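Enquirer:
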Amino acid sequence: MDERIKKILSKMTLEEKTAQLMCVERNQLLEKENFSPSKANAVLKNGAGQISPVLRQFESEQGTEIANEIQKIAAGTGPKVPVIIHDECLHGCMAEGSTSFPQSIALASSWEPAMVEKIARIIGKETRARGIHQALSPTINIARDSRHGRVEETYGEDPYLTSLMAVAFIKGLQSQKVIATPKHFAADFAGDGGRDSGPVFFSERILREVFFPAFKASIIEAKALSVMAAYNSINGIPSSSNRWLLTDVLRGEWGFDGFVVSDYGSVWGLYGSHGVADSLAGAGHLALEAGLDIEIPDSPCFSHLAQLVREGRVSESLIDIAVERVLKGKIWLGLFESPFSDPEKAKKICDCEEHRNFALKAAERCMVLLKNNGILPLSTDTGSIAVIGPNADAVRLGGYSGSGIKVVTAFEGIKNKISKRTKLYFAEGCKVNSIDKSGFSKAVSAAQRADVAILVMGNSSETEGENRDRCNLNLPGVQEDLIKAVSDTGTPVIVVLINGSAITMQNWIGCVDAVIEAWYPGEEGGNAIANVLFGDYNPSGKLPITFPRFTGQLPLYYNHLPCLRKYDYVEVRGFQPMFPFGYGLSYTSFNYRNLKVFSGKSSIKISVEIENTGKYEGNEVVQLYLRDIVCSVIRPVKQLVRFEKIHLKPGEKKIVDFSLNHQDVSFLDENLKPKVEPGLFEVMAGPNSAQGLKATFEIK
Ligand code: BGC
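The opening residue of the sequence shown carries number 49 in the numbering used here; numbering runs sequentially from there.
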């Protein structure tokens with residue numbers, strides 16, 4: 049590979065080389081929304097590293113043809129180097145007509161990395177089939193503060209769960225020859241006040257303990273071929289010009305040998321926002337020297353690199369190193385040998401029946417039952433049902449979703465499910481974020497006529513997502529009032545939430561009979577919701593983030609450090625979430641017993657017995673938490689170290705075995721070096737982070 053790269057490089061002019069570090073913005077190739085070959089010929093005269101999502105609005109067959117045309121043009125221009133076309137693939141490729149799976153926070157709630165890997169394989173297959181080569185996914189930032197609008201894009205608050213999901217997603221995607229881009233490196237979505245990309249002031253310890261592990265696993269275990277640098281700054285240094293992050297840690301410590309892309313405009317931000325560069329050229333210089341290889345989606349800063357080399361301010365060898373990394377990616381993609389895709393194949397596989405069926409299975413496995421006083425599951429023979437709420441019959445796929453597919457709403461799913469005898473009423477009641485209550489009377493009268501009211505509430509892209517952080521986690525608009533108005537009718541109420549982060553429920557949870565967190569459940573979400581409501585699927589999801597009682601408790605996460613004074617508020621005592629991390633109910637019940645710990649020389653074996661003591665078969669996520677009781681550096685009150693999702697029939701018992709190793713009981717000492725200290729440890733095995741059987745073991 050090295051020889052081949054050197055050979056390609058040796059034939060390139062300086063302009064052609066720097067073009068490999070640049071990205072062509074998709075509109076530069078379009079004329080009135082159509083692909084323009086003449087524009088492409090002009091823009092690609094020196095070649096290009098990447099092209100931003102130029103195929104997004106084209107259905108699969110046409111998009112694939114355009115991708116092929118672009119590669120033909122690239123093959124005929126100066127450097128004759130194929131281009132990488134990138135797009136977003138967070139929970140489905142964003143190019144039109146691709147399968148839309150549940151949002152990331154939902155996928156994390158499945159606690160099933162193997163399922164996530166399979167989803168990512170499908171996403172990769174659809175993506176590559178249409179001539180797209182790099183996914184700007186997955187998002188693996190740690191969500192410790194649920195006010196952040198982009199929590200929905202994450203796998204939650206826990207470094208271990210996030211690492212497993214990240215590795216699964218990257219492996220799945222890259223198995224289909226699509227480059228994965230874990231993002232946003234580093235510690236994005238962690239700004240004060242729940243603000244996205246805000247400056248953070250984090251110690252190196254917390255970065256290494258909480259915010260780095262998923263990135264480290266993405267590089268070392270999953271061999272991610274690209275990484276996206278974040279918009280934010282850490283301790284006064286922007287992530288996109290942070291040499292320690294992008295070179296010393298990423299490449300030096302973790303051995304990353306792919307290419308780093310900017311976030312959209314994050315190199316510009318060094319000059320235009322952070323003010324660490326006095327010009328666009330200066331910003332490009334800083335980013336390149338820090339280890340950032342390609343500026344996307346366009347390249348106002350890197351377009352100055354050739355000039356900087358000519359002026360002797362940037363060494364050409366630095367350019368060569370970055371270009372080598374990009375070429376290596378293109379060789380890995382096989383683009384030099386086969387730059388083209390088959391439009392017919394793309395059409396056949398994008399959102400095909402098999403993929404749609406898997407989207408349904410996945411959605412079922414992601415839903416979290418938060419409350420049930422026994423009303424669920426419903427009978428399909430229920431006499432009459434009122435389906436109410438702003439999210440009941442609306443398409444809600446969450447951020448970074450594609451279009452051009454059939455999306456099944458909750459109302460449609462319920463309609464598909466119920467018997468012919470069941471009367472079904474519908475009322476929107478209110479909009480997600482409006483103060484207009486004029487729809488309440490119709491909703492109330494629907495509820496009055498029904499045996500049960502299903503209220504489908506939550507958020508939308510108007511009230512959360514990128515550029516939409518929240519300072520109040522109550523349901524927006526007048527939704528809380530709608531819940532109360534409907535529950536005042538005396539008709540039993542089931543709330544289904546469609547949203548992407550924590551919701552505070554203090555004002556209404558006492559008035560409803562059941563709550564299901566459905567998240568943004570993907571294109572088959574409505575059918576999955578109906579399967580859960582009517583018991584065709586027994587819910588088994590567990591929360592990957594803590595749900596607070598009040599927004600003012602945030603940031604609130606389970607793996608905090610112990611504190612001498614129990615951090616009490618006037619309104620809530622102690623660490624009291626509404627629902628803890630790892631929480632989720634089932635229609636059946638599970639009993640945990642016989643926790644056993646055997647401390648061996650090289651590993652600690654733990655076993656626990658779980659019995660299904662209820663009436664339904666079901667899945668349980670058995671969670672294992674660890675606490676280092678005495679340590680020279682303060683350790684969290686607990687940390688998730690293992691979990692396993694098991695299936696049990698009524699009356700069935702299983703013993704789940706876990707094994708912990710040296711690394712699990714290690715910590716970073718005062719010099720941030722991994723160390724194991726002798727002493728007592730506590731393990732807790734249970735159904736969530738707040739409950740479980742405990743036992744201790746000793747490391748001698
Ligand atoms: C986001 C990235 C995303 C990019 C392009 C940015 O604003 O932070 O996550 O990949 O936009 O869609």
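Where a beta carbon is used, it is the ideal one built from N, C-alpha and C, also for glycine. Keep in mind that this is a model prediction, so the values were computed, not measured.
Please determine whether the Cβ atom of tyrosine 312 lies at a distance below 7 Å from any heavy atom of the ligand BGC.
Expert: The sequence position of residue 312 within the sequence shown is 264, counting from 1. At least one heavy atom of the ligand BGC is nearer than 7 Å to the Cβ of tyrosine 312, so yes.
Enquirer: Identify whether lysine 471 lies in helix, strand or coil by the three-state DSSP scheme.
Expert: Counting from 1 along the sequence shown, the entry for residue 471 is found at position 423. Lysine 471 falls in the strand class under three-state DSSP.
Enquirer: Check whether the Cβ of histidine 232 sits closer than 7 Å to any heavy atom of the ligand BGC, and report yes or no.
Expert: Counting from one through the sequence shown, the residue named residue 232 turns up at place 184. Flag set: Cβ of histidine 232 near the ligand BGC.
Enquirer: What are the start and end residues of the alpha helix (DSSP H) that includes alanine 214?
Expert: Working through the sequence shown from its first residue, we reach residue 214 at position 166. Here the alpha helix (DSSP H) through alanine 214 covers 207 to 222.
Enquirer: Starting from the Cα of proline 540, find the closest Cα among Gly506, Glu668, Ile423, Ile577 and give me that residue.
Expert: Along the sequence shown, one-based indexing puts residue 540 at 492. Among Gly506, Glu668, Ile423, Ile577, the Cα nearest to that of proline 540 is on Ile423.
Enquirer: Less than 7 Å separating the Cβ of leucine 633 from some heavy atom of the ligand BGC?
Expert: Position 585 of the sequence shown, counted from the first residue, corresponds to residue 633. Outside the cutoff, so no.
Enquirer: I'd like to check one pair, methionine 553 with glutamine 527: are the Cβ atoms closer than 8 Å?
Expert: Translated into the one-based positions of the sequence shown, residue 527 becomes position 479. Translated into the one-based positions of the sequence shown, residue 553 becomes position 505. It is not a contact, given that the beta carbons lie outside the stated cut-off.
Enquirer: Cysteine 414: buried (16+ other C-beta within 10 angstroms of its C-beta) or exposed?
Expert: Numbered from 1 along the sequence shown, position 366 holds the residue referred to as residue 414. Its Cβ being crowded by 16 or more others within 10 Å, cysteine 414 is buried.
Enquirer: How big is the Cα-Cα spacing for glycine 242 and valine 199?
Expert: By one-based count along the sequence shown, residue 242 stands at place 194. By one-based count along the sequence shown, residue 199 stands at place 151. Spanning the two alpha carbons is a distance of roughly 10 Å.
Enquirer: Could you please give me the residues that DSSP links to phenylalanine 459 through a beta bridge?
Expert: Taking the first residue of the sequence shown as position 1, residue 459 is located at position 411. Note: phenylalanine 459 sits in no beta bridge, so no partner.
Enquirer: Please report the residue range of the alpha helix (DSSP H) in which isoleucine 153 lies.
Expert: Against the sequence shown, residue 153 aligns to sequence position 105. Note, isoleucine 153: alpha helix (DSSP H), 152 to 157.
Enquirer: Using only the alpha-carbon positions, how far apart do isoleucine 654 and serine 647 sit?
Expert: If you number the sequence shown from 1, residue 654 lands on position 606. If you number the sequence shown from 1, residue 647 lands on position 599. C-alpha separation (whole angstroms): 9 Å.
Enquirer: Sort Ser84, Glu343, Leu69 by Cα distance to glutamine 76 and report the nearest one.
Expert: Your numbering for residue 76 matches position 28 in the sequence shown. Selected option, being the one with the closest Cα: Ser84.
Enquirer: Would you kindly report the start and end of the unbroken beta strand (DSSP E) that includes alanine 501?
Expert: On the sequence shown, residue 501 is found 453 positions in, with the first residue counted as 1. From DSSP, the beta strand (DSSP E) with alanine 501 extends over 500 to 506.
Enquirer: State the DSSP-derived secondary structure class of proline 286, mapped to helix, strand or coil.
Expert: Counting from 1 along the sequence shown, the entry for residue 286 is found at position 238. Of the three classes helix, strand and coil, the one that applies to proline 286 here is strand, per DSSP.
Enquirer: Note down, in chain order, each residue of its chain lying with its Cβ closer than 7 Å to the Cβ of proline 207, except the 5 sequence neighbours on either side.
Expert: Indexing the sequence shown from 1 puts residue 207 at position 159. Cβ neighbours of proline 207 beyond the five flanking positions: Ile190, Val258, Pro261, Ala262.
Enquirer: Helix, strand or coil for alanine 440? Go by DSSP, reduced to three states.
Expert: Here residue 440 refers to the residue found at position 392 when the sequence shown is read from its first residue. In the structure shown, alanine 440 sits in coil (DSSP, three-state: anything other than H, G, I, E or B).
Enquirer: Quick check for students: name the residue ranges of the alpha helix (DSSP H) that lie wholly in the stretch 637 to 715, counting only runs of 4 or more.
Expert: Complete alpha helix (DSSP H) runs here, min 4: none at all.
Enquirer: Glutamate 392: buried (16+ other C-beta within 10 angstroms of its C-beta) or exposed?
Expert: In the sequence shown, counting from the first residue as 1, residue 392 sits at position 344. Glutamate 392 is exposed by the Cβ-count criterion.
Enquirer: DSSP three-state call for leucine 336: helix, strand or coil?
Expert: On the sequence shown, position 288 is the one that residue 336 refers to. Helix at leucine 336.
Enquirer: Answer yes or no: do serine 351 and glycine 306 have a C-beta to C-beta separation smaller than 8 Å?
Expert: Taking the sequence shown and counting its residues from 1, the one referred to as residue 351 is at position 303. Taking the sequence shown and counting its residues from 1, the one referred to as residue 306 is at position 258. Taking 8 Å as the Cβ cut-off, serine 351 and glycine 306 do not qualify as a contacting pair.
Enquirer: Between the beta-carbon of serine 148 and the beta-carbon of serine 389, is there less than 8 Å?
Expert: Position 100 of the sequence shown, counted from the start, is the residue given in the question as residue 148. Position 341 of the sequence shown, counted from the start, is the residue given in the question as residue 389. The answer is no: Cβ separation not under 8 Å.
Enquirer: For the ligand BGC, is there any heavy atom lying closer than 7 Å to the beta carbon of glutamate 402?
Expert: By one-based count along the sequence shown, residue 402 stands at place 354. Flag unset: Cβ of glutamate 402 not near the ligand BGC.
Enquirer: Should the stretch 282 to 289 be regarded as contacting the stretch 313 to 332, the criterion being three or more beta carbon pairs within less than 8 Å?
Expert: Yes, the stretch 282 to 289 is in contact with the stretch 313 to 332.
Enquirer: Quick check on DSSP: helix, strand or coil for lysine 590?
Expert: Indexing the sequence shown from 1 puts residue 590 at position 542. Coil at lysine 590, not helix or strand.
Enquirer: Could you tell me if cysteine 398 is buried or exposed, where buried requires 16 or more neighbouring beta carbons within 10 angstroms of its beta carbon?
Expert: One-based indexing of the sequence shown puts residue 398 at position 350. It counts as buried.
Enquirer: Could you check what DSSP says for lysine 59 in three-state terms: helix, strand or coil?
Expert: Translated into the one-based positions of the sequence shown, residue 59 becomes position 11. Looking at lysine 59 - three-state DSSP - the assignment turns out to be coil, as it is neither helix nor strand.
Enquirer: Whose C-beta lies closer than 7 Å to the C-beta of aspartate 561 among residues of the same chain, with five residues either side of it excluded?
Expert: Against the sequence shown, residue 561 aligns to sequence position 513. Correct list, in chain order: Asn421, Ile423, Pro540, Val541, Ile542.
Enquirer: Can you tell me which of the three DSSP states alanine 272 falls into?
Expert: In the sequence shown, counting from the first residue as 1, residue 272 sits at position 224. Coil, per DSSP.
Enquirer: Using 8 Å for Cβ pairs, my map puts aspartate 244 next to aspartate 517. What's the rounded Cβ distance?
Expert: As a position in the sequence shown, residue 244 is number 196, starting the count at 1. As a position in the sequence shown, residue 517 is number 469, starting the count at 1. Going by Cβ atoms, the distance from aspartate 244 to aspartate 517 rounds to 6 Å, so yes, they are a contact pair.
Enquirer: Report yes if the C-beta distance between lysine 721 and glutamate 659 is below 8 Å; otherwise report no.
Expert: Within the sequence shown, residue 721 is the residue found at index 673, counting from 1. Within the sequence shown, residue 659 is the residue found at index 611, counting from 1. Taking 8 Å as the Cβ cut-off, lysine 721 and glutamate 659 do not qualify as a contacting pair.
Enquirer: I'd like to confirm something about leucine 184: is its beta-carbon nearer than 7 Å to some heavy atom of the ligand BGC, or not?
Expert: Numbered from 1 along the sequence shown, position 136 holds the residue referred to as residue 184. Answer for leucine 184: yes, Cβ within range of the ligand BGC.
Enquirer: Are the CB atoms of glutamine 151 and valine 371 within a distance shorter than 8 Å?
Expert: Translated into positions along the sequence shown, residue 371 becomes position 323. Translated into positions along the sequence shown, residue 151 becomes position 103. In this structure, glutamine 151 does not lie closer than 8 Å to valine 371 by Cβ.
Enquirer: Assuming contact is defined by CB atoms lying nearer than 8 Å, are glycine 574 and alanine 491 in contact in what I supplied?
Expert: In the sequence shown, residue 574 corresponds to position 526, counting from 1. In the sequence shown, residue 491 corresponds to position 443, counting from 1. Cβ distance not < 8 Å, so glycine 574 and alanine 491 don't count as in contact.
Enquirer: What residue range does the alpha helix (DSSP H) around alanine 533 cover?
Expert: Numbered from 1 along the sequence shown, position 485 holds the residue referred to as residue 533. First-last of the alpha helix (DSSP H) with alanine 533: 527 to 535.
Enquirer: Under the rule that 16 or more other beta-carbon atoms within 10 Å means buried, what is arginine 195, buried or exposed?
Expert: For the purposes of this step, residue 195 is taken as residue 147 along the sequence shown, with counting starting at 1. So arginine 195 ends up on the buried side.
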